[in-house]
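K.L.:
Pasting a structure here, questions to come.
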Amino acid sequence: MANLTYSHPRTYGKDSRHCRVCKTTRGLIRKYHLDMCRRCFRERATDIGFVKFAGRRGDARVISRAR
Numbered sequence: 000m001a002n003l004t005y006s007h008p009r010t011y012g013k014d015s016r017h018c019r020v021c022k023t024t025r026g027l028i029r030k031y032h033l034d035m036c037r038r039c040f041r042e043r044a045t046d047i048g049f050v051k052f053a054g055r056r057g058d059a060r061v062i063s064r065a066r
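Residues 0 to 66 (numbering that gives the first Met the number 0) are what the sequence shown spells out, left to right.
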């Protein structure tokens with residue numbers, strides 16, 4: 000019997016989108032049309048132009064896009 004898993008292209012849903020760098024479908028950031036997984040984003044965030052800044056409580060986990 001032939002393997003029918005992924006025998007047709009996905010056009011919607013989670014499997015239709017993947018990271019443009021490593022091609023994984025997990026942890027995808029789609030905001031601003033980044034289409035990168037969270038791991039690749041953390042490696043390349045400063046190159047793209049994102050900068051960390053402190054939030055209201057001094058929380059440095061907030062990431063903003065530099066203009």
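For glycine and all other residues, C-beta sits at the position ideal for the given N, C-alpha and C.
Computed from a predicted model, the values in this text were never measured in an experiment.
Is there contact between the segment 14-26 and the segment 37-52, where contact requires at least three CB pairs shorter than 8 Å?
P.N.:
With the cut-off at 8 Å, the segment 14-26 and the segment 37-52 touch.
K.L.:
Helix, strand or coil for C21? Go by DSSP, reduced to three states.
P.N.:
Locating residue 21 in the sequence shown gives position 22, where the first residue counts as 1. Correct three-state label for C21: coil.
K.L.:
Taking buried to mean at least 16 other C-beta atoms within 10 Å of its own C-beta, is L3 buried or exposed?
P.N.:
As a working mapping, residue 3 is identified with position 4 in the sequence shown. Answer is exposed; the Cβ neighbour count stays below 16.
K.L.:
With DSSP as the reference, label F49 as helix, strand or coil.
P.N.:
Residue 49 sits at position 50 when you count from the first residue of the sequence shown. Correct three-state label for F49: strand.
K.L.:
Looking only at DSSP bridge pairs, what is L27 linked to?
P.N.:
Stepping through the sequence shown from its first residue, residue 27 is reached at position 28. DSSP lists C36 as partners of L27.
K.L.:
Report yes if the CB atom of R16 is closer than 8 Å to the CB atom of D34, and no otherwise.
P.N.:
Against the sequence shown, residue 16 aligns to sequence position 17. Against the sequence shown, residue 34 aligns to sequence position 35. Their beta carbons are under 8 Å apart, which means R16 touches D34 by this criterion.
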